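Engineer:
There are 2 protein chains.
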Amino acid sequence: MPQLHDLAATRLAVSTVIFALRPDHTGQPVLWTPLVRRTREPYRGLWALPGGWLPPNEELEAASARTLRATTGLAPKYLEQLYTFGEVDRSPDARVVSVVYWALVQSDEAARATAGPNVRWVPADTPPELAFDHDRIVEYALWRLRTKVEYTEIAHAFLGETFTLAELREVYEAVLQRRLDPANFRRAMVASGRLRETGERVAGAPHRPPKLYRYDTAALASEGREPFLRERPAS
Amino acid sequence: MPQLHDLAATRLAVSTVIFALRPDHTGQPVLWTPLVRRTREPYRGLWALPGGWLPPNEELEAASARTLRATTGLAPKYLEQLYTFGEVDRSPDARVVSVVYWALVQSDEAARATAGPNVRWVPADTPPELAFDHDRIVEYALWRLRTKVEYTEIAHAFLGETFTLAELREVYEAVLQRRLDPANFRRAMVASGRLRETGERVAGAPHRPPKLYRYDTAALASEGREPFLRERPAS
Chain V
12 MPQLHDLAAT RLAVSTVIFA LRPDHTGQPV LWTPLVRRTR EPYRGLWALP
62 GGWLPPNEEL EAASARTLRA TTGLAPKYLE QLYTFGEVDR SPDARVVSVV
112 YWALVQSDEA ARATAGPNVR WVPADTPPEL AFDHDRIVEY ALWRLRTKVE
162 YTEIAHAFLG ETFTLAELRE VYEAVLQRRL DPANFRRAMV ASGRLRETGE
212 RVAGAPHRPP KLYRYDTAAL ASEGREPFLR ERPAS
Chain F
12 MPQLHDLAAT RLAVSTVIFA LRPDHTGQPV LWTPLVRRTR EPYRGLWALP
62 GGWLPPNEEL EAASARTLRA TTGLAPKYLE QLYTFGEVDR SPDARVVSVV
112 YWALVQSDEA ARATAGPNVR WVPADTPPEL AFDHDRIVEY ALWRLRTKVE
162 YTEIAHAFLG ETFTLAELRE VYEAVLQRRL DPANFRRAMV ASGRLRETGE
212 RVAGAPHRPP KLYRYDTAAL ASEGREPFLR ERPAS
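Protein sequences, first through last, are from chains V and F.
For the first sequence, the working numbering assigns the number 12 to the initial residue and increments by one for each residue that follows.
For the second sequence, the working numbering assigns the number 12 to the initial residue and increments by one for each residue that follows.
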């Protein structure tokens, strides 16, 4: 049975993976994630996920939101717990168990995020060398996103309330990293029963402006949404 | 910024939710879960999930497996991380963050589990009063199981390598808590492409013995299995 002074040797941290869609160097939208440069050892100077220690009186999700806001200025509408990484040797100095949250933000929110020498957005699939096991964490978050986009409204988080089918397809293409046939995509989306036409069309577009859609919240509500996924007030 | 002596006030625990199918008082299979009676404060005398503190040199999953084996004698083929519960006030004495694992075991393994005054299997949907927030943890695990059974081979974990369609339907009925039409169920399972006929039939059955099926592992492999879900050696 471990003694209490042994238990105190293990420290708890919270980190956050944020994804947003932004154009790559060819103008094609791909997944980006913000990183923060470490200013202390270990791994001083390397890039890492936004995060920090868990204070004893702060909820896990609140710690994720606070450290994210402090470093990047981002305040996603919701954060979801991703996974807890606790390998014995993942940090060189001490046993650190990290509870990781993740969220998706819209491109305009990402564009308003803090910029500076110690914050940098990178393409999520090709990050620079990362501190600790953060490369593995980003990889796992990408896997989860790619699995989840197939059966949830997760693409919604990247878009506004209303969107065109072309915009929605662009989200799927960026997440799944493959081209989708526009006609097949349209058929699959209409057949899913998740989309509703808003009756509006894109304003200011040339002749035959594309239709605007929104997600059918009633259809989505029946899909067994994560019960601990709370909407967070915007701040 | 919290100081290190503050961080040491937070303790890490690991708990495990195990589900098995066993008959209820009417003989109908339902989900059961094993509980352990607490022999120390807080909540002394109440029932709780198997678990314990995380020693600094033990992996999270190994701590789950060890505490589970020590209390119930169970050694599931795999454990999967479920969720980390860390509410500030979930334990009366200290801040305790619990990383929770879960697994499914087959009925014969459940039947071989340790029995004794301090271990008790209870129907998972109607547990007795539980220590800490363990009722919420069991509820969340049930929600995850019920969501997951719709799109993964999770039912497999309750059955042997081969099974009849009636046995598989019984698993779905117990997990989803509703009756399924046998003909519709058969059609949906065949259409899923996940099952293969073994060519064998149930031995010793009267005339027209039912066919035995197995899961098609190639079809399942393409379904985006949880990358951190490792097969554990039987012990």
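No residue lacks a Cβ here, since even glycine has one placed at the ideal position from N, Cα and C.
As the structure is a computational prediction, the values presented were derived from the model and not from experiment.
Nearest-angstrom Cα distance between residue 28 (chain F) and residue 36 (chain V)?
Structural biologist: The count along the second sequence starts at 1 and reaches residue 28 (chain F) at position 17. The count along the first sequence starts at 1 and reaches residue 36 (chain V) at position 25. If I take the Cα positions, the gap works out to 47 Å.
Engineer: Measure from the alpha carbon of residue 182 (chain F) to the alpha carbon of each residue in F:21, F:24, F:43 and F:25, then state which is nearest.
Structural biologist: Position 171 of the second sequence, counted from the first residue, corresponds to residue 182 (chain F). Closest option to residue 182 (chain F), Cα to Cα, is F:43.
Engineer: Can you name the residues of chain V whose CB is closer than 8 Å to the CB of residue 82 (chain F)?
Structural biologist: Taking the second sequence and counting its residues from 1, one reaches residue 82 (chain F) at position 71. Simply none; closest approach about 13 Å.
Engineer: Which residues of chain V have a Cβ atom closer than 9 Å to the Cβ of residue 52 (chain F), listed in chain order?
Structural biologist: Along the second sequence, one-based indexing puts residue 52 (chain F) at 41. Under the 9 Å cutoff, chain V gives no residues; its nearest Cβ is about 15 Å from residue 52 (chain F).
Engineer: Just checking my contact of residue 79 (chain F) with residue 71 (chain F) at CB under 8 Å: how many whole Å lie between their CB atoms?
Structural biologist: Translated into positions along the second sequence, residue 79 (chain F) becomes position 68. Translated into positions along the second sequence, residue 71 (chain F) becomes position 60. 13 Å between Cβ atoms; not a contact.
Engineer: Taking the C-alpha atoms as reference points, what is the distance between residue 128 (chain F) and residue 82 (chain V)?
Structural biologist: Along the second sequence, one-based indexing puts residue 128 (chain F) at 117. Along the first sequence, one-based indexing puts residue 82 (chain V) at 71. Note on geometry: alpha-carbon atoms of residue 128 (chain F) and residue 82 (chain V) lie some 52 Å from one another.
Engineer: Does residue 94 (chain F) come within less than 9 Å of chain V when only Cβ atoms are used?
Structural biologist: Walking along the second sequence from the start, residue 94 (chain F) turns up at place 83. At least one chain V Cβ lies under 9 Å of residue 94 (chain F).
Engineer: If we ignore side chains and look at the alpha-carbon of each, how far apart do residue 107 (chain F) and residue 151 (chain V) end up?
Structural biologist: Sequence index remark: in the second sequence, residue 107 (chain F) carries index 96 (1-based). Sequence index remark: in the first sequence, residue 151 (chain V) carries index 140 (1-based). The alpha-carbon atoms of residue 107 (chain F) and residue 151 (chain V) are separated by roughly 26 Å.
Engineer: Along the chain, where does the alpha helix (DSSP H) that runs through residue 159 (chain F) open and close?
Structural biologist: For the purposes of this step, residue 159 (chain F) is identified with residue 148 of the second sequence, where counting begins at 1. It spans 145-159 - the alpha helix (DSSP H) in which residue 159 (chain F) sits, taken as one unbroken run.
Engineer: Is there at least one Cβ from chain V nearer than 9 Å to residue 164 (chain F)'s Cβ?
Structural biologist: On the second sequence, position 153 is the one that residue 164 (chain F) refers to. Closer than 9 Å: no.
Engineer: Taking only the alpha-carbon atoms, compute the straight-line gap between residue 178 (chain F) and residue 111 (chain F) and give it to the nearest angstrom.
Structural biologist: Along the second sequence, one-based indexing puts residue 178 (chain F) at 167. Along the second sequence, one-based indexing puts residue 111 (chain F) at 100. So the two alpha carbons sit approximately 29 Å from each other.
Engineer: Pull up the DSSP beta-bridge partners for residue 31 (chain V), would you.
Structural biologist: Locating residue 31 (chain V) in the first sequence gives position 20, where the first residue counts as 1. For residue 31 (chain V), which the question treats as bridged, DSSP gives the partners V:43.
Engineer: Can you tell me whether residue 6 (chain F) is buried or exposed, with buried defined as 16 or more other CB within 10 angstroms of its CB?
Structural biologist: This structure gives no information on residue 6 (chain F), because the portion of chain F shown stretches from 12 to 246.
Engineer: Is any beta-carbon of chain V found at less than 9 Å from that of residue 141 (chain F)?
Structural biologist: Residue mapping note: residue 141 (chain F) aligns to position 130 of the second sequence, counting from 1. False, the Cβ-Cβ gap to chain V never drops below 9 Å.
Engineer: Can you name the residues that DSSP bridges to residue 24 (chain F)?
Structural biologist: As a first step, residue 24 (chain F) is located in the second sequence; it is residue number 13 there, counting from the start. For residue 24 (chain F), which the question treats as bridged, DSSP gives the partners F:64 and F:109.
Engineer: Determine the direct distance from the alpha carbon of residue 124 (chain F) to that of residue 84 (chain F), and round the result to whole angstroms.
Structural biologist: The residue given as residue 84 (chain F) occupies position 73 in the second sequence. The residue given as residue 124 (chain F) occupies position 113 in the second sequence. Distance between the alpha carbons of residue 84 (chain F) and residue 124 (chain F): 5 Å.
Engineer: Starting from residue 68 (chain V), find everything on chain F with Cβ-Cβ shorter than 8 Å and list it in chain order.
Structural biologist: Along the first sequence, one-based indexing puts residue 68 (chain V) at 57. Those are 99 and 106, listed as they occur along chain F.
Engineer: I'd like to confirm the pairing. Which residues does DSSP put opposite residue 169 (chain F) in its beta bridges?
Structural biologist: Within the second sequence, the letter at position 158 stands for residue 169 (chain F). Paired residue(s): none; residue 169 (chain F) is not in a bridge.
Engineer: Residue 156 (chain V) versus chain F: which residues are under 9 Å apart at the beta carbon?
Structural biologist: Start at 1 with the first residue of the first sequence, and residue 156 (chain V) comes out as number 145. Result: empty, since nearest Cβ-Cβ is about 11 Å, beyond 9 Å.
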